[in-house]
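S.K.:
In this note's numbering, the protein residues as written are 837 to 1681.
#1: Taking 7 Å as the limit between beta carbons, can you name the residues of its chain near residue 1203, skipping five residues before and five after?
#2: Using a threshold of 8 Å, state whether the C-beta atoms of residue 1438 and residue 1419 are closer than that.
#3: Would you kindly check if the distance between the Cβ of residue 1642 and the Cβ of residue 1333 is under 8 Å?
#4: Would the beta-carbon of residue 1577 fall within 8 Å of that of residue 1128?
#5: Just mark residue 1608 as buried or exposed, buried being the case when its beta carbon has 16 or more other beta carbons within 10 Å.
#6: Can you tell which of 1409, 1516, 1018, 1436 has its C-alpha closest to the C-alpha of residue 1444?
#7: Applying the criterion that 16 or more other CB atoms from any shown protein chain within 10 Å of the CB defines a buried residue, is residue 1009 buried or exposed?
#8: Please work out which residues of its chain come closer than 6 Å, Cβ to Cβ, to residue 1178, disregarding the five sequence neighbours upstream and downstream, and give them in chain order.
#9: Give the straight-line distance between the Cα atoms of residue 1116 and residue 1069, rounded to the nearest whole angstrom.
#10: My output table needs one value for residue 1686: the three-state DSSP class, helix, strand or coil.
#11: Compute every distance between the C-beta of residue 945 and the non-hydrogen atoms of the ligand ADP, then say whether any falls below 7 Å.
#12: Mind checking who residue 1233 pairs with in its DSSP beta bridge?
#13: So, using beta-carbon positions, are residue 1095 and residue 1015 closer together than 8 Å?
#14: Flag this pair as yes or no: are the beta carbons of residue 1248 and residue 1208 separated by less than 8 Å?
#15: Are the segment 1643-1654 and the segment 1357-1368 touching, with three or more C-beta to C-beta distances below 8 Å?
#16: My output table needs one value for residue 1188: the three-state DSSP class, helix, strand or coil.
#17: Please report the residue range of the alpha helix (DSSP H) in which residue 924 lies.
#18: Near residue 1349, what residues of its chain come up, given a Cβ to Cβ distance below 8 Å and the 5 sequence neighbours on each side ignored?
#19: When you compare each of 1238, 1446, 1088 to residue 1601 by their alpha carbons, which one comes out closest?
#20: If you reduce the DSSP assignment to three classes, tell me which class residue 1651 lands in.
#21: In whole angstroms, give me the CA-to-CA distance for residue 1685 and residue 1597.
#22: Using a Cβ-Cβ cut-off of 8 Å, state whether residue 1509 counts as contacting chain B.
#23: According to the Cβ coordinates, are residue 1531 and residue 1386 closer than 8 Å?
#24: Mapping the DSSP letters down to three states, classify residue 1260 as helix, strand or coil.
#25: So residue 1393 and residue 1507 are in contact, right, with Cβ under 8 Å, and what is the actual spacing, rounded?
#26: Hey, residue 1161 and residue 966 are a contact pair by Cβ (cut 8 Å); roughly how many whole angstroms apart?
#27: Consult DSSP for residue 870 and reduce its assignment to one of helix, strand or coil.
#28: What three-state label does DSSP hand residue 1343 in the structure shown?
#29: Assuming residue 857 and residue 893 form a contact by the criterion Cβ under 8 Å, report the distance between their Cβ atoms to the nearest whole angstrom.
#30: In the DSSP assignment, the beta strand (DSSP E) including residue 1328 goes from what residue to what residue?
#31: Quick one: grab the DSSP three-state call for residue 856.
#32: If you follow the alpha helix (DSSP H) that residue 1598 is in, where does it begin and where does it stop?
#33: List the endpoints of the continuous alpha helix (DSSP H) containing residue 1424.
#34: Which residues bound the alpha helix (DSSP H) around residue 1399?
#35: Rank 895, 851, 1109 by C-alpha distance to the C-alpha of residue 924 and give the top, closest one.
#36: For the alpha helix (DSSP H) containing residue 1291, name the first residue and the last one.
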């Protein structure tokens, strides 16, 4: 469907490679050509790279229109009016003179802008700043210590008993910090009553349980065919009575008669459960549900109590230090609790929007499927005001793709995009399905995978089937804009023993395929995309063995260099002089002589070395101190460090120099900063290895996917939650026990199913994003499967069922597209960069 011609508002569902940025940049230029002041347009997107690309595309298209008649006609057609070369030049001149007024930003950057403008109204300190993750983690640890110091001992013991139910082996700090890191976002996006909604059903009294056990013990045991009491039954009943008397309700529901009764079965060990025993077993099952659900409720209460106390201390520390993270700003701009509306943020939020509303007439939202509910709650007043305006002088533009929502762990809510036209009937959804990126062979492989995915046998649970059907409903077959050569393969790795060896076999296969692709098309770009960061370093190593240089988009922490690790051990030693392991690590490295540590005598030297290091850091700073080791790095070639270490250590020096501005006396903070900060290797490489998340928005001539086996959601969220209104607060929050425990409560069961649907849908989005990064060639790599007729419950199972089960041929190929091109990559031609976003070179119609 198309938006009515007179409507200034647009809602676009743009599939991968269909020219989303082209559409948005065109709308931006259309507004400028109409005489709209740049400062009255706000364009937002999800990443800084995307924001930069939108701005680049606006300027590039306008510059090309000044000198290229075809590009000028194309632009004129899109914006609805013809442009002369003189008009294009005048528009470009006006735009470049006012670049500082352009508001093309990430949502995070826009919220920072608001918070800077209205710091006083929002209750923020005047000199606040955004801090790095390592510094924020240090603040969190300090907030934990402050909270512990101000909490009464008995109250604290109660909280800890509740929070350590799941894992009593963890230290107190790890338990408390772990709760903050996994549950704080949900805490900030919900009210207290959401954490109290899980309640157990009524239980039995101890006397009733004792009576039930006594009756069970008196029931005659079933007899064997020989007429003797069944020994297995006797053993089970003894164990069952012991489990119940010990209060081990988890064991009761997980095995034996308890598990059978909960599953609705009436037999055990091929014998009917006596009717006189069944009623009492069902009573015990209800009591197990009461006890175990009550444990969850107590855990939730303890978590809520802890998070409330922690947040108070954390807020105080952030205000004292003026140190905030991006995720703190939505909380300041839109507090979750209406009782806070009398404080700085809530009281002035409407005034802030009233003042901004007079300055913004046009709102352009990119990657809207990745918007979080709290972000939308901040933007919604402006969007509603614009969409309610009937003058035609204000406009709303929203573009996204439900199939590319892969940031659920950042609170992304794709239902906001799905229901946008229901909330605002003035918006009529448009769909873009013509791909300007991929060859027909690649697009047809994507179609075969997703067009009937709701029927794929890889899904064995009702929630998975439902999520797959919903994904299928949102999928439309893509049409190629160009007749490009291409190739697609499903390839099976050699047989390997054990899970770890099977994973390694696929990574080795990926390196070999990359080598072959590079030989076939030395001018082509290759992307090896994985789901987790863990395999990246190993893949880069395997590629080097194949003679291929590889790099990662966005970079990796500098800890992929041995020289950096040795230096970090020295810094760690300065904070922990008694750490002999750190001292030995330095002593046995090329840094040993320079630091004053020898392998034979390091224990006697380590305390003095730590003291000297602390003194030098205080006098010289981290940058100069790190730079003093460059000679040791450069002079160890062939002995300890190589070219990679030299490059990475120089980047460490740069990082240390930047850190000097906010350095303190604790070297551990810099060590933490280095371990979490990603730094990209500037050396260009034909092969890029990265996560699918990092590859979002990029394209490659050839894509290799080697991580298709394993669970759909590698790490299940430890929280269950429900948000009936996509833009509203969470109405229910609970910690997750096992699925067996959750199925004991109707509410927990519903929450478990909701999470399973969300996580599978996001997993399917991840597979779609990964496959649609390919321009000409797609290599899908799966582990060896002993029985090809079986369907695994993973991406590999989806692809085997959709494309081909094999058996593999001599080249390890399970399936290849019937229309594969012998030469899948055309001769080289000038390109913008090694990996760019899709850019239509003809006008979409």
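By construction, the Cβ of each residue, glycine as well, lies at the ideal position given by its N, Cα and C atoms.
This one's a predicted model, so the numbers in the text were calculated from it and none came from an experiment.
M.R.: Short version:
#1: Around residue 1203: 881, 882, 886, 1236.
#2: Closer than 8 Å, so yes.
#3: No, Cβ-Cβ distance for residue 1333 and residue 1642 is not below 8 Å.
#4: Yes, the Cβ-Cβ distance between residue 1577 and residue 1128 is below 8 Å.
#5: Under this definition residue 1608 is a buried residue.
#6: Per the Cα distances, 1409.
#7: Burial call: exposed.
#8: Per-residue confidence for residue 1178 stands at a pLDDT of 38, beneath the threshold of 50, marking its modelled position as unreliable; no derived number is given.
#9: Answer to the nearest angstrom: the Cα atoms are 16 Å apart.
#10: What the structure shows of the chain is the stretch from 837 to 1681, and residue 1686 is not part of that stretch, so it cannot be assessed.
#11: This structure simply doesn't include the ligand ADP, nor any ligand for that matter.
#12: Looking at the DSSP assignment, residue 1233 forms a beta bridge with 846, 1200.
#13: The answer is no: Cβ separation not under 8 Å.
#14: It is a contact, given that the beta carbons lie within the stated cut-off.
#15: The answer is no - the segment 1357-1368 does not touch the segment 1643-1654, with fewer than three Cβ pairs under 8 Å.
#16: In the three-state DSSP reduction, residue 1188 falls in the helix class (H, G or I).
#17: First-last of the alpha helix (DSSP H) with residue 924: 921-933.
#18: Cβ within range, chain order: 1327, 1540, 1615, 1617.
#19: Looking at the Cα atoms, 1238 is the closest of the given residues.
#20: Looking at residue 1651 - three-state DSSP - the assignment turns out to be strand.
#21: With the chain represented from 837 up to 1681, any question about residue 1685 goes unanswered, as that position is not in the structure.
#22: Included in the structure is just one protein chain, with no chain B present.
#23: Contact: no.
#24: Here residue 1260 sits in coil by DSSP.
#25: Rounded, the Cβ-Cβ distance is 11 Å, inconsistent with contact.
#26: Taking C-beta atoms under 8 Å as the contact rule, residue 1161 and residue 966 qualify, at a distance of about 7 Å.
#27: Looking at residue 870 - three-state DSSP - the assignment turns out to be coil, as it is neither helix nor strand.
#28: If DSSP states are grouped into helix, strand and coil, residue 1343 belongs with the helices.
#29: Confirmed, about 6 Å.
#30: Where residue 1328 is concerned, the enclosing beta strand (DSSP E) stretches over 1323-1328.
#31: Under the three-state reduction of DSSP, residue 856 is assigned to helix.
#32: Per DSSP, the continuous alpha helix (DSSP H) segment holding residue 1598 begins and ends at 1582-1607.
#33: For residue 1424, there is no enclosing alpha helix (DSSP H), as DSSP gives it neither H nor E.
#34: That run of the alpha helix (DSSP H) goes 1398-1411.
#35: When each option's Cα is compared against that of residue 924, the closest is 895.
#36: For residue 1291, there is no enclosing alpha helix (DSSP H), as DSSP marks it with neither H nor E.
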